[in-house]
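As structure tokens, the structure follows; a few thoughts come after it.
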Amino acid sequence: MYRIEQLKEDRINSMRLPLTTLEVFTAIANHGSLKNAARALGLKPSTVSHQLKNLEERIGTALFVRTTRTINLTEAGRALLRGTSPAFEQIAEAVESARTTGHAARGSLKLALPEYAYDLVVAAMLPSFRNAYPEIQIELSLTDAFEDILDTGLHAGIRLGDLIAQDMIAIRLTDPLQLAVAGSPVYLEKAGTPVAPEDLLAHECIRYRFHSSGEFAPWKVDGPAGQSDVAVTGSLVVNSLSVAVDAARRGEGLIYLLQDYIAKDVVDGHLVPVLQEFMPHVPGFFLYFPRAYREMVPLRLFVDHIRQRGSK
């Protein structure tokens, strides 16, 4: 059995041909002579002749009928050309695709970002970006997981600045942002307004559980000894900030999140920030991506569009 398999493998290996040899054959067939093929490939005519001879010896049959004036394909040559021409066309298309991918205002742009980054950074600019660059396909992966964007086939991500791997290029999208604890006027009238971080322990706090890790988002506060976590409790746990805000509006407890996320609710009087003097800042949002994508045109256009929107 081993001998049979070895013979099969030896036969396969004996028929393996260098790509350049087949390229020479295809060029001769397409250009009608060894001389023209050599010129098209940038080779010496003697090299082309040698490659053709080697190919015919390997296959065991003539591929061209040659006269002093013409060179024509044999039946075997035509059969080989039918198989090689589409293959070389596909290779040329693949090379051109690789050359142009990411270097024009078309193609795909795949981003990973948490829900609050979409709401605060991307949502407002997305319609105008899509109108400006209709040939760029945007794919948003809304996740709070710290994904390796290369492993997941993504091009870039948006995160808070202190949560980005050091080997990534990071571009600032926003200034530092302040966190907030807030509740509805109805809730605060019923449960009282906390005046110190430890007062939160006596309140109904709507907690956020991360999708990826299953852990609760910490409630961090600033104090004389530095930053610390408050071990809040509450009977409502969510994994969506929009659900948390909706519950807080209806008076079901206090929430802890970025102040900008609830700015409109504060202006409209639906939510009231508390403990503001104890609320820390976070570095702000950054777009991050591998160095290999730094010249990717769809990504550069996306960054420029966000910056232009932010400067208005």
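Residue 17 is where the sequence shown starts when you use this note's numbering, and the numbers rise one by one after that.
Built from N, CA and C at the ideal position, the CB exists for glycine as well.
Since this is a predicted model, take the numbers as computed values, not measurements.
{"query": "By DSSP, does residue 224 sit in helix, in strand, or in coil?", "result": "strand"}
{"query": "Where do the N-terminal and C-terminal ends of the alpha helix (DSSP H) with residue 271 fall, by residue?", "result": "Note, residue 271: premise wrong, no alpha helix (DSSP H); beta strand (DSSP E) at 271 to 274."}
{"query": "Within a Cβ cutoff of 6 angstroms, which residues of the same chain sit near residue 226, ignoring the five residues on either side of it in sequence?", "result": "160"}
{"query": "Would you kindly check if the distance between the Cβ of residue 176 and the Cβ of residue 298 is under 8 angstroms?", "result": "yes"}
{"query": "What residue range is occupied by the uninterrupted alpha helix (DSSP H) comprising residue 194?", "result": "Not the alpha helix (DSSP H): residue 194 falls in the beta strand (DSSP E), residues 193 to 199."}
{"query": "Using alpha carbons as the reference points, say which of 56, 51, 315 and 53 lies closest to residue 186.", "result": "315"}
{"query": "Would residue 268 be called buried (16 or more neighbouring beta carbons within 10 Å of its own) or exposed?", "result": "buried"}
{"query": "Throw me the rounded Cβ distance for the residue 172 and residue 277 pair, which I believe falls under 8 angstroms.", "result": "Not a contact, Cβ separation roughly 22 angstroms."}
{"query": "Would you mind working out which of 301, 224, 64 and 271 sits nearest residue 129, comparing C-alpha positions?", "result": "301"}
{"query": "Where does residue 250 sit, in a helix, a strand or coil, going by DSSP?", "result": "coil"}
{"query": "Residue 174 and residue 303 look like a contact to me (Cβ under 8 angstroms); what is the Cβ gap, rounded to whole Å?", "result": "5 angstroms"}
{"query": "The alpha helix (DSSP H) spanning residue 147 covers which residue range?", "result": "142 to 148"}
{"query": "Let me make sure I understand the geometry here. Which of 44, 125 and 103 has the alpha-carbon closest to that of residue 93?", "result": "44"}
{"query": "Which class does residue 289 belong to by DSSP, given the choice of helix, strand or coil?", "result": "strand"}
{"query": "Can you have a look at residue 23 and say buried or exposed, based on whether 16 or more other CB atoms are within 10 angstroms of its CB?", "result": "With a pLDDT of only 41 at residue 23, under the threshold of 50, the placement of this residue in the model should not be trusted; the figure read from the coordinates follows. Its Cβ having fewer than 16 others within 10 Å, residue 23 is exposed."}
{"query": "Consult DSSP for residue 283 and reduce its assignment to one of helix, strand or coil.", "result": "helix"}
{"query": "Bridge partners of residue 243, per DSSP?", "result": "238"}
{"query": "If I follow the unbroken alpha helix (DSSP H) through residue 229, where does it start and stop?", "result": "Unbroken run through residue 229: none, as it is neither H nor E."}
{"query": "How far does the beta strand (DSSP E) with residue 266 in it reach, from first residue to last?", "result": "First-last for residue 266: undefined, no H or E at that position."}
{"query": "Decide if the region 229 to 246 is in contact with the region 282 to 290; the criterion is three or more beta carbon pairs, one per stretch, under 8 angstroms apart.", "result": "no"}
{"query": "Just confirm the distance between the C-beta atoms of residue 40 and residue 53, as a whole number of angstroms; I'd bet it's less than 8 angstroms.", "result": "7 angstroms"}
{"query": "Whole angstroms are fine: how far does the CA of residue 82 sit from the CA of residue 31?", "result": "Bear in mind that a pLDDT of 47 at residue 31, under 50, signals an unreliable position, so the model cannot answer this."}
{"query": "Residue 291 and residue 222 look like a contact to me (Cβ under 8 angstroms); what is the Cβ gap, rounded to whole Å?", "result": "About 15 angstroms separates the two Cβ atoms, so there is no contact after all."}
{"query": "Just how far apart, CA to CA, sit residue 58 and residue 127?", "result": "43 angstroms"}
{"query": "Should residue 85 be labelled buried (16 or more other beta-carbon atoms within 10 Å of its own) or exposed?", "result": "exposed"}
{"query": "Looking only at its chain, what residues have a beta carbon closer than 7 angstroms to the beta carbon of residue 202, apart from the 5 residues adjacent to it on each side?", "result": "267"}
{"query": "Starting from the C-beta of residue 249, find all residues in its chain whose C-beta is less than 7 angstroms away, skip the five residues before and the five after it, and write them out in chain order.", "result": "221"}
{"query": "Put residue 311 into one of helix, strand or coil per three-state DSSP.", "result": "coil"}
{"query": "In chain order, which alpha helix (DSSP H) runs of at least 4 residues are fully inside the region 29 to 64?", "result": "35 to 47 and 50 to 57"}
{"query": "Excluding five sequence neighbours on each side, which residues of the same chain lie with their C-beta closer than 7 angstroms to the C-beta of residue 307?", "result": "185"}
{"query": "Considering only their Cβ atoms, is the gap separating residue 97 from residue 42 smaller than 8 angstroms?", "result": "yes"}
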